[in-house]
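Asks: Below is a structure I'd like to ask you about.
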Amino acid sequence: MSDELLDDLLDGQYRALARAITRIENRSPGYRELVAALHDHTGDAEVIGITGSPGAGKSTLVDKLAKAYRDEGLTVGVIAVDPSSPYTGGAVLGDRIRMASTTGDMDTFVRSMSARGQLGGLSTATGDAIKAFDAFGIDRVIVETVGAGQNEIDIVRTADTVAVLVQPESGDDIQMLKAGILEIGDVFVVNKADMSGADRTVKQLSEMLEGRENGEWTPEIIETVATSGEGLDELLETFASHREYLESSGALEEKARTRYAEEVRTLLREDAGSLLEGEIERRGGMEELVDRIVARETDPYTVADDVMAPLEECLAREEREHEPSPR
Amino acid sequence: MSVEEDQRAIRCLVAKVGLDGHDRGAHVISRAFRDAGFEVIYSGLHNAPDEIVQAAVQEDVDVLGISILSGAHNTLVPKVVAGLKEYGAFEDTLIILGGVIPEKDQPGLRDAGVDAIFGPGTPMSETIEFVRENAPDR
């Protein structure tokens with residue numbers, strides 16, 4: 001299967017990297033073996049997540065960041081996540097338009113991804129795509145997503161450093177009190193800082209963030225104007241110092257461990273889920289089970305117990321067999 | 001046993017090559033493709049051939065749709081094809097052209113590797129059907 005693809009990817013062929021990510025996105029047969037084989041070659045890329053509401057200027061900022069890293073001689077991978085239609089599955093992925101500084105440069109490898117209507121699966125696919133970039137030898141990976149819901153928050157959690165973009169006058173302070181987005185940022189970027197109201201937004205943010213520490217890291221607030229590149233140097237410095245903090249404090253290793261654990265759990269949930277889907281089929285399919293629930297012959301909890309029973313028995317037997325026999 | 005159901009989507013790059021600044025048609029086709037359930041990557045106006053090649057290779061698209069009204073198709077399209085070949089991406093990319101392409105230029109473009117040319121007034125359903133039927137099976 002993909003031995004050749006893996007070799008070509010490790011050999012630095014752009015087409016192989018692109019094809020590997022497609023396998024990952026499509027969950028084509030053999031994609032798991034491919035990702036498993038990538039693991040050994042990962043661990044070097046620095047991953048930055050960028051999130052924020054639509055129109056905050058994420059793509060423009062990502063373009064400028066990519067350019068800055070390229071100027072330092074580093075290679076850059078960008079994963080741009082956009083929503084897909086829940087009805088047709090179709091999507092328009094338009095973030096490339098803003099990647100104007102780096103077009104034609106293969107070593108800024110931009111890949112657009114859509115949700116393809118699956119909950120949770122997108123963050124798995126994104127994490128796996130990051131591994132492909134990492135194994136390929138890309139130095140900096142930037143993951144860009146709209147900060148709208150759980151899925152998106154999961155995605156930026158695959159990053160070592162998370163930047164949240166806020167645009168001036170984007171809502172009153174109650175918006176900022178709402179849980180979620182403020183809790184995931186290591187760096188807060190007030191973009192379009194040349195707009196009126198930027199000062200007020202910075203002030204509100206700093207009030208909201210007061211006393212909020214991420215380990216020994218205190219979230220920073222940086223003002224930028226992505227279109228002109230203003231504030232970019234400061235942002236890059238902040239990313240670098242966050243990286244330094246992660247490495248020196250051991251937080252980076254801790255993050256990686258948490259991510260691996262989460263990954264194993266996700267895979268297990270998927271696998272267990274599909275085993276159980278099979279068991280549902282053997283019991284006549286979901287429709288029939290629901291018919292019986294509707295007819296008050298049984299209830300959802302009992303059905304779940306019944307479907308789980310063979311799996312539980314199997315595991316109990318396994319446990320008995322592996323118990324050390326008493327002497 | 002693992003969850004490896006096919007989650008394939010037809011991926012298309014819609015690109016405007018060269019100097020012409022009219023992208024209404026590209027927008028219309030992007031939207032129609034989206035509504036047909038395709039994943040459309042739109043790369044905006046004024047792309048150079050190597051920019052289109054970069055995007056098509058990186059995004060690993062099944063379909064490359066180039067909209068061109070400027071009359072420069074005979075110089076620009078072969079450059080895109082050559083770039084795709086360089087990265088080993090030509091064989092399994094369906095290349096379609098839209099816009100104003102004179103009848104007399106069409107055989108040459110087909111010889112250069114273009115799979116289909118859709119002139120003004122082509123019903124959208126025809127283009128979508130063509131993509132569905134001819135998107136490379138990978």
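First to last, the sequence lines map onto chains U and E.
Residue numbers for the first sequence follow UniProt numbering, so the first one is 1 and each next one is one higher.
Residue numbers for the second sequence follow UniProt numbering, so the first one is 1 and each next one is one higher.
Just so it is clear, CB atoms sit at the ideal spot from N, CA and C, and this is done for glycine as well.
(1) Would you please verify whether the beta carbon of U:I97 is less than 7 Å from any beta carbon of chain E?
(2) Would you tell me roughly how many angstroms separate the C-alpha atoms of U:K131 and E:V100, rounded to the nearest one?
(3) What does E:V77 reach in chain U if we use C-beta pairs closer than 7 Å?
(4) Quick one: does U:S65 have its CB under 7 Å from some CB of chain E?
(5) What residue range is occupied by the uninterrupted beta strand (DSSP E) comprising U:I142?
(6) Could you list which residues in chain U have their beta carbon closer than 9 Å to that of E:F33, in chain order?
(7) Please name the residue in U:L38, U:A135 and U:E25 whose C-alpha comes closest to that of U:T124.
(8) Determine, using beta carbons only, whether U:A272 and U:V141 come nearer to each other than 7 Å.
(9) Is it true that the CB of U:I184 sits closer than 7 Å to the CB of U:I153?
(10) Closest to U:L235 by CA distance: which of U:D71, U:D306, U:D63 and U:E223 is it?
(11) Nearest chain E C-beta to U:G12 closer than 7 Å, yes or no?
(12) DSSP has U:T218 in a bridge; who is on the other side?
(13) Per DSSP, what kind of secondary structure is E:S2 in: helix, strand or coil?
(14) Give the straight-line distance between the Cα atoms of E:I95 and U:V110, rounded to the nearest whole angstrom.
(15) Are there 16 or more other CB atoms within 10 angstroms of the CB of U:G231, so buried, or fewer, so exposed?
(16) When you compare each of E:H27, E:F33, E:G21 and E:V14 to U:G89 by their alpha carbons, which one comes out closest?
(17) Could you tell me which of U:D11, U:K67 and U:T42 sits nearest to U:A226, measuring between CA atoms?
(18) Which of the three DSSP states, helix, strand or coil, is assigned to E:F38?
(19) Is the region 80 to 95 of chain E touching the region 45 to 59 of chain E in the sense that three or more CB pairs, one from each, lie closer than 8 Å?
(20) Using the beta-carbon of each residue, which ones in chain E are nearer than 8 Å to U:I21?
(21) Nearest by alpha-carbon distance to U:L122: which of U:A135, U:D139, U:T102 and U:E144 is it?
(22) Residues of chain U with CB under 7 Å from E:E51, in chain order?
(23) DSSP three-state label for U:D160, please.
(24) Got a sec: is the Cβ-Cβ distance from E:G18 to anything in chain U below 7 Å?
(25) Determine whether the beta carbon atoms of U:A135 and U:L275 lie at a separation below 7 Å.
(26) Against chain U, which members of the region 76 to 108 of chain E pass a CB distance test of less than 7 Å?
(27) For E:F130 and E:V63, I'd like the C-alpha separation in whole angstroms.
(28) Among residues of its own chain, excluding the 5 on either side of U:V189, which ones have a beta-carbon nearer than 6 Å to its beta-carbon?
(29) Mind listing the chain U neighbours of E:G113? Cutoff is C-beta to C-beta under 8 Å, in chain order.
(30) Leaving out five residues before and five after U:S112 in sequence, what residues of the same chain have Cβ atoms less than 7 Å from its Cβ?
(31) DSSP on E:N134, reduced to helix/strand/coil?
(32) Does any residue of chain U have a CB that is nearer than 7 Å to the CB of E:F130?
(33) Give the straight-line distance between the Cα atoms of U:R157 and U:V146, rounded to the nearest whole angstrom.
(34) How would you call U:C314, buried or exposed, if buried means at least 16 neighbouring beta carbons within 10 angstroms?
(35) Please list, in chain order, the chain U residues whose beta carbon lies closer than 8 Å to that of E:A116.
Replies: The short version:
(1) yes
(2) 43 Å
(3) Chain U residues near E:V77: none, gap ~17 Å exceeds 7 Å.
(4) Checking the displayed sequence, the identity of residue 65 of chain U turns out to be Leu instead of Ser. Not an interface residue.
(5) R140 to V146
(6) G90 and V92
(7) U:E25
(8) no
(9) yes
(10) U:E223
(11) no
(12) The partner list for U:T218 (beta bridge, DSSP) is empty, contrary to what the question assumes.
(13) Here the model assigns E:S2 a pLDDT of 38, short of 50, so the residue's position is not dependable, and the following value carries that caveat. In the structure shown, E:S2 sits in coil (DSSP, three-state: anything other than H, G, I, E or B).
(14) 21 Å
(15) buried
(16) E:F33
(17) U:K67
(18) coil
(19) yes
(20) D60
(21) U:E144
(22) T103 and G104
(23) coil
(24) no
(25) no
(26) Y87, G88 and A89
(27) 11 Å
(28) A163, L165, I222 and T224
(29) Going along chain U, no residue has its Cβ under 8 Å from E:G113, so there is no contact; the nearest lies around 17 Å.
(30) A80, D82, L93, D95 and R96
(31) helix
(32) no
(33) 13 Å
(34) exposed
(35) Near E:A116 there are no residues of chain U at all, since even the closest Cβ is about 21 Å away, more than 8 Å.
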